[in-house]
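Protein chains in written order, with our numbering: chain A, 18 to 433; chain B, 18 to 433. For each residue, glycine too, the CB sits at the ideal point set by N, CA and C. For reference, the structure is listed below as structure tokens.
Protein chains: 2
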Amino acid sequence: MTLLSSDSVTSFGPAVALACRECGTRTELGPHYACLECFGPLEVVYDVPRVTREQIAAGPQSLWRYKDFLPVPADVASQPGLRPGWTKLVKADNLARELGIRSLWVKDDSGNPTHSFKDRVVAVALSAARQLGFTTIGCASTGNLANAVAAAAARAGLRSVVFVPSDLEAGKTVTTAVYGGTLVAVEGSYDDVNRLCSEVAADQPWGFVNINLRPYYAEGSKTVGFEVAEQLGWHLPEQVVAPVASGSLLTKVDKAFKELGAAGLVEATPYKVFGAQATGCSPVSQAYRDGTDVVRPVRPKTIAKSLAIGNPADGPYALDVVRRTGGAIADVSDEEVVEGIRLLARTEGIFAETAGGVTVAVTRKLLAAGLLDPDAETVILNTGDGLKTLDAVAPVVGPSATIPPSYDAFQKAGLA
Amino acid sequence: MTLLSSDSVTSFGPAVALACRECGTRTELGPHYACLECFGPLEVVYDVPRVTREQIAAGPQSLWRYKDFLPVPADVASQPGLRPGWTKLVKADNLARELGIRSLWVKDDSGNPTHSFKDRVVAVALSAARQLGFTTIGCASTGNLANAVAAAAARAGLRSVVFVPSDLEAGKTVTTAVYGGTLVAVEGSYDDVNRLCSEVAADQPWGFVNINLRPYYAEGSKTVGFEVAEQLGWHLPEQVVAPVASGSLLTKVDKAFKELGAAGLVEATPYKVFGAQATGCSPVSQAYRDGTDVVRPVRPKTIAKSLAIGNPADGPYALDVVRRTGGAIADVSDEEVVEGIRLLARTEGIFAETAGGVTVAVTRKLLAAGLLDPDAETVILNTGDGLKTLDAVAPVVGPSATIPPSYDAFQKAGLA
Chain A
18 MTLLSSDSVT SFGPAVALAC RECGTRTELG PHYACLECFG PLEVVYDVPR VTREQIAAGP
78 QSLWRYKDFL PVPADVASQP GLRPGWTKLV KADNLARELG IRSLWVKDDS GNPTHSFKDR
138 VVAVALSAAR QLGFTTIGCA STGNLANAVA AAAARAGLRS VVFVPSDLEA GKTVTTAVYG
198 GTLVAVEGSY DDVNRLCSEV AADQPWGFVN INLRPYYAEG SKTVGFEVAE QLGWHLPEQV
258 VAPVASGSLL TKVDKAFKEL GAAGLVEATP YKVFGAQATG CSPVSQAYRD GTDVVRPVRP
318 KTIAKSLAIG NPADGPYALD VVRRTGGAIA DVSDEEVVEG IRLLARTEGI FAETAGGVTV
378 AVTRKLLAAG LLDPDAETVI LNTGDGLKTL DAVAPVVGPS ATIPPSYDAF QKAGLA
Chain B
18 MTLLSSDSVT SFGPAVALAC RECGTRTELG PHYACLECFG PLEVVYDVPR VTREQIAAGP
78 QSLWRYKDFL PVPADVASQP GLRPGWTKLV KADNLARELG IRSLWVKDDS GNPTHSFKDR
138 VVAVALSAAR QLGFTTIGCA STGNLANAVA AAAARAGLRS VVFVPSDLEA GKTVTTAVYG
198 GTLVAVEGSY DDVNRLCSEV AADQPWGFVN INLRPYYAEG SKTVGFEVAE QLGWHLPEQV
258 VAPVASGSLL TKVDKAFKEL GAAGLVEATP YKVFGAQATG CSPVSQAYRD GTDVVRPVRP
318 KTIAKSLAIG NPADGPYALD VVRRTGGAIA DVSDEEVVEG IRLLARTEGI FAETAGGVTV
378 AVTRKLLAAG LLDPDAETVI LNTGDGLKTL DAVAPVVGPS ATIPPSYDAF QKAGLA
């Protein structure tokens, strides 16, 4: 359903159309996500203006500094929103030492407003929703996306309708419900929730960020790549390790690097893109290992729930990027995920959610296998916050000692 | 115990001495916190260099942009650390409308690395620890400070020893223990833990951030005030509302405003400072109401645990600031705290911890009482993150409806 009437004034900035990633057929900018010719996914096409590093550096300290590479109007930064992005790129010398790698950085997206990279994609989807006349935005989610949509809608003065499985932990329900939107608990699996949302999106005049707004939404992930390059002093890293859920983030970081090179903002030096999955949901890693481009759906079973997409929409595109750039994909057990979280926390003081543990643990594994070059400048992406996945580490960390409240007891405990 | 030998090379930047806040007696910079003459608290004294707005704006995007106003060396930004500060100042138009106030901003310190303003004070204390030769930093805490110390020490490569009451919720233990320092669970109340830490600090060569490093630590809170003024375009707000635990933050924001005026960085326009407490721990609010400057200790009983200091060290100084500037102090019930959290979340998409709920609810109360001017530009301080105090809102927020996974059921639920 489109809400665009002929007299609507809309602006998607430098975006000029949507195009099918499979057959290339173009369609107008609108709430469309599948090609009418071949049902392939649609992607935003741009006519990017000439932009200088100085213009970008003078822009807002948020993802909107890259508005000239996004389907958003020129005044997007003045619209009400959470202003995510421009998160820290941390020089991870302690972790590098432990892993035996020369130059390592962590792009830490736990610094976003609701503490995950989802704030970026939601910000772009919300701008599109506004341009297309939607006053309600929605999503299906079990966690980070639900938080991001509900919070962004609250700030923007839009209504949110978020669908979650009814057996979600109370904690995750709270972190969405507190923003006061409509929260629908669905008695069924996450797949059931997703199916229901597609039906709702087809019938209600609502913008579902990861359904009918998906082409815009997905572009938000490019800003991770833009920021990494700018924060490195306008050059591309030689290696980047990204977690893989739908596979979209990984492909968009690659797209960002290519766009920066094409725009002359960085030298188009070679880089390798690596993917990280949890073994309990590793269809893309499996396809990489099998040497195929067919991603076979799996039933997820892992503590890394934010990566637990058994049938990843962008899996084949992620495989393309990894193979084209000379990277690799690997997966790690839940025990290794927990070790990855602890390693990052004790070396860099960054408490990542399970997805971050996956990325750290896979980085270690790829180094051990000789697939990551220990002498190449490497960036790993932490996409979320450990405060949201406390259960993952709760069983294995705790007090060093429990003592009575006396100095004598303290001395006897041998902690000095 | 001091570790400074005569040949140590130390630098506290523009800081030149410590001085007693009561009798003015000066002492050398060192791990001292109480006046040898009168046992009054020591405060850092500076010889501030001439600094321009442009120099500050060209500095790092962290609290270190204000290094010329802090007891830290010139190269502090290049030392390993979490780089807190430079958090968002959010124009809160939706909240302003609900509260009936013309111009309202939220300084949102949940954006700090461990999601509370404690990262700021710990950063300055850690720098002092390094200058004084401490290789171990510690604290007594039940929450935010423990997180901040353990994380900062991990990044900086120092050892941390954090003392907590042994009956702490498992969640709060996890968020400190994950950083891998020494975590000591003490069988006793928070007061018992504090007493034990004072004994340990007297005997071990350790820097306790809020004991023997307290004069440095406390200065970190000034950066909240500096950032507010710079982010407003280099002017002082007319009103600021700060939560009161020890009272230190409130007094340091006032100190920051005065220092900016004295340095010629802002016009020294009048401003009023307001304090916010939870009724279940409101000794400063009570003293304000009673018209006295004697703060009588209480036994805390409130969900706002990060403000639950029954005997606030800086209470009398906070009262001074509030009365001198023409502000006020008020307190709110735990029910109002929860309403404050929900109000901020649904209007601005900011999920604050209980302390933020206190500040929002007190702001509403002071407006209703005519003590805050609805026409004056006002900044309220959110010092922490709702993800750390989920229990406060869990009983009162939840799904709008629970439905079977069918479009028919969705339509019947009347949510469209």
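G292 of chain A counts as buried, since no fewer than 16 other beta carbons sit within 10 angstroms of its beta carbon.
Between the segment 258 to 266 of chain B and the segment 394 to 402 of chain B, the count of Cβ pairs shorter than 8 Å is three or higher; the stretches touch. For the options A:Y305, A:S265, A:E71, the alpha carbon positioned closest to that of R38 of chain A is the one of A:S265.
One Cα belongs to L267 of chain A, the other to R82 of chain A, and the distance between them is close to 21 Å. Under the 10 Å beta carbon count, A165 of chain B is surrounded by 16 or more other beta carbons and is classified as buried. Contact annotation for Y207 of chain A against chain B: no contact, minimum CB-CB distance about 10 Å [criterion: below 7 Å].
Between the segment 237 to 250 of chain A and the segment 175 to 190 of chain A there are fewer than three C-beta pairs closer than 8 Å, too few to call the two in contact. The beta carbon of T419 of chain A falls within 7 Å of a beta carbon belonging to chain B, placing the residue at that interface. For P416 of chain A, the closest Cβ of chain B is nearer than 7 Å. Going by C-alpha positions, V93 of chain A is about 18 Å away from A168 of chain A. Rounded to whole angstroms, A218 of chain A and F225 of chain A show a C-alpha spacing of 6 Å. Using a CB distance cut-off of 7 Å, T240 of chain B does not count as an interface residue toward chain A. Think of a sphere of 9 Å around the beta carbon of E216 of chain A: the chain B residues whose beta carbon falls inside it are S423, Y424, F427, in chain order. Note on the segment 158 to 191 of chain B: whole alpha helix (DSSP H) runs with a minimum of 4 residues are 161 to 173, in chain order. Residue state for R38 of chain A is assigned as coil, using DSSP reduced to three classes. In terms of Cβ geometry, V270 of chain B and L277 of chain B do not form a close pair [threshold 7 Å]. Here DSSP, grouped into helix, strand and coil, assigns Y288 of chain B to coil. When A:E186, A:V354, A:A418 are compared, the shortest CA-CA separation from A411 of chain B is found for A:E186.
By the Cβ neighbour-count rule, P66 of chain A is exposed, with fewer than 16 other Cβ atoms within 10 Å of its own. Fewer than three beta-carbon pairs drawn from the segment 313 to 324 of chain B and the segment 377 to 389 of chain B are found closer than 8 Å, and the two stretches are therefore not classed as touching.
Interface criterion not met: the Cβ of S95 of chain B is under 7 Å from no Cβ in chain A. Nearest neighbour of N161 of chain A by Cα position, chosen from A:L143, A:G98, A:D136, turns out to be A:D136. DSSP, read as helix, strand or coil, puts K124 of chain A in strand. Taking the CA atoms as reference points, F427 of chain A sits about 42 Å from D307 of chain B.
For A280 of chain A, the three-state secondary structure derived from DSSP is coil. In this model, F243 of chain B and A235 of chain B are separated by some 14 Å (Cα to Cα).
Put simply, the CB of T199 of chain B is near chain A, with a gap under 7 Å to one of its CB atoms. As far as DSSP is concerned, N229 of chain A takes part in no beta bridge.
Interface annotation, Q221 of chain B: in contact with chain A, CB-CB separation under 7 Å. Annotation for L106 of chain B: W122, V123, K124, D125, E244, V245, Q248, L249, V396 place their beta carbon closer than 8 Å to its own, counting only its chain and skipping 5 residues before and after.
Contact check for T240 of chain A and L80 of chain A: beta-carbon distance about 4 Å, within the 8 Å limit, so the pair qualifies. Contact between the segment 293 to 305 of chain A and the segment 348 to 362 of chain A is present, with at least three C-beta pairs closer than 8 Å.
Taking a C-beta distance under 7 Å as the contact criterion, P90 of chain B and S28 of chain B qualify as a contact pair. Bridge partners of K108 of chain A according to DSSP: A:W122. In summary, the residues of the segment 160 to 174 of chain A whose CB is separated from some CB of chain B by less than 7 Å are A168, A169, A171, R172, G174, in the order they occur in the chain. The alpha carbon of G57 of chain B has as its nearest neighbour, out of B:T44, B:F86, B:D64, the alpha carbon of B:T44.
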